[in-house]
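> One structure coming up, written as structure tokens, with questions to follow.
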Amino acid sequence: MPTEVESTERRRQIGKAALRVVRERGAAQLTIRAVADAMGGSTSLVTHYVRNRRELLILAFTAVEHRWAAEENRLAQLPAADRIDYLAQWGANWSSEEDEVLAALLLHLLTEARPAPESLAVVHQELDAWRQALGEAAEAADIRSPWASADLIYLVSRGAMLSTLEHPDAWTAERLAAAARNLNRLLRPAHPSSSGRA
């Protein structure tokens, strides 16, 4: 039997191979055989650690879920009042190849028949962190009803993801960015005159 460390490392390798398959062939073509071929081995190399396609989707998603974690360092370097603008723009941008892969994985994870709790847990972990950051940034920007505004931006971001998948020619990166800017303008309070604030 493999040790826990060996098993973790092998699953990480399988996740990376699964991600390569999704990038090259699309999420619909992600199978144990396809991953085994990408790793240059037999299917038993995969089935020893992964039981089914759903687990492959989870491992592939885990391999790419650094999308949000990588932004946290950039966010920390911005003035607090500017973070909500950055987050809204970032959340609406699903136009890069990596973003399209992540969106496809999310869609397949959520639409697989009777997704297991662990399938959703790995998704919810990232999305909960994203929504928390939105709420904190909205508070820092002095937006009225900051957590309600965070919910609105969150939902717009999810809609942007779906729109990019279903009609990418219409929902370009530029159009999505403009929508995010307009949303921020609507949510921000009108700036008071200089005499109205101490």
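Just so we're aligned, residue 7 is where the sequence shown starts under the working numbering, counting upward by one. Yeah, the Cβ is synthetic: ideal placement off N, Cα and C, and Gly gets one too.
1. Could you spell out where the alpha helix (DSSP H) holding residue 59 opens and where it closes?
2. I think residue 98 touches residue 151, with their Cβ atoms under 8 Å apart; what is that distance to the nearest whole Å?
3. Tell me the residue span of the alpha helix (DSSP H) that contains residue 152.
4. By Cβ distance below 7 Å, which residues in the same chain neighbour residue 173 in space, the five residues on each side in sequence not counted?
5. How many whole angstroms separate the CB atoms of residue 156 and residue 144, which I take to be in contact at a CB cut-off of 8 Å?
6. Cutting at 6 Å between CB atoms, please list the residues of its own chain near residue 201, excluding the five before and the five after it.
7. Just mark residue 61 as buried or exposed, buried being the case when its beta carbon has 16 or more other beta carbons within 10 Å.
8. Quick one: measure Cβ to Cβ for residue 94 and residue 159, integer angstroms, because I've assumed they're closer than 8 Å.
9. Pairing CB atoms from the stretch 44 to 51 with CB atoms from the stretch 106 to 119, are three or more of them under 8 Å?
Inspection of the coordinates gives the following:
1. Along the sequence shown, read from residue 1 onward, the residue named residue 59 stands at position 53. Segment 59 to 70, the alpha helix (DSSP H) holding residue 59.
2. Residue numbering aside, residue 98 sits at position 92 when the sequence shown is read from its first letter. Residue numbering aside, residue 151 sits at position 145 when the sequence shown is read from its first letter. Contact flag wrong, Cβ pair sits at about 20 Å.
3. For the purposes of this step, residue 152 is taken as the residue at position 146 of the sequence shown. Residue 152 -> alpha helix (DSSP H) spans 152 to 172.
4. On the sequence shown, residue 173 is found 167 positions in, with the first residue counted as 1. So no residue of the chain qualifies.
5. Here residue 156 refers to the residue found at position 150 of the sequence shown. Here residue 144 refers to the residue found at position 138 of the sequence shown. That belief holds up - the Cβ atoms of residue 156 and residue 144 are roughly 5 Å apart, short of 8 Å.
6. In the sequence shown, the residue the question calls residue 201 occupies position 195. Below a pLDDT of 50, predicted positions are generally treated as unreliable, and residue 201, at 36, falls in that range; the measurement from the model is reported next regardless. Cβ neighbours of residue 201 beyond the five flanking positions: none.
7. Residue 61 sits at position 55 when you count from the first residue of the sequence shown. Buried is the call here.
8. Position 88 of the sequence shown, counting from 1, holds the residue named residue 94. Position 153 of the sequence shown, counting from 1, holds the residue named residue 159. That pair is a contact at about 5 Å.
9. no
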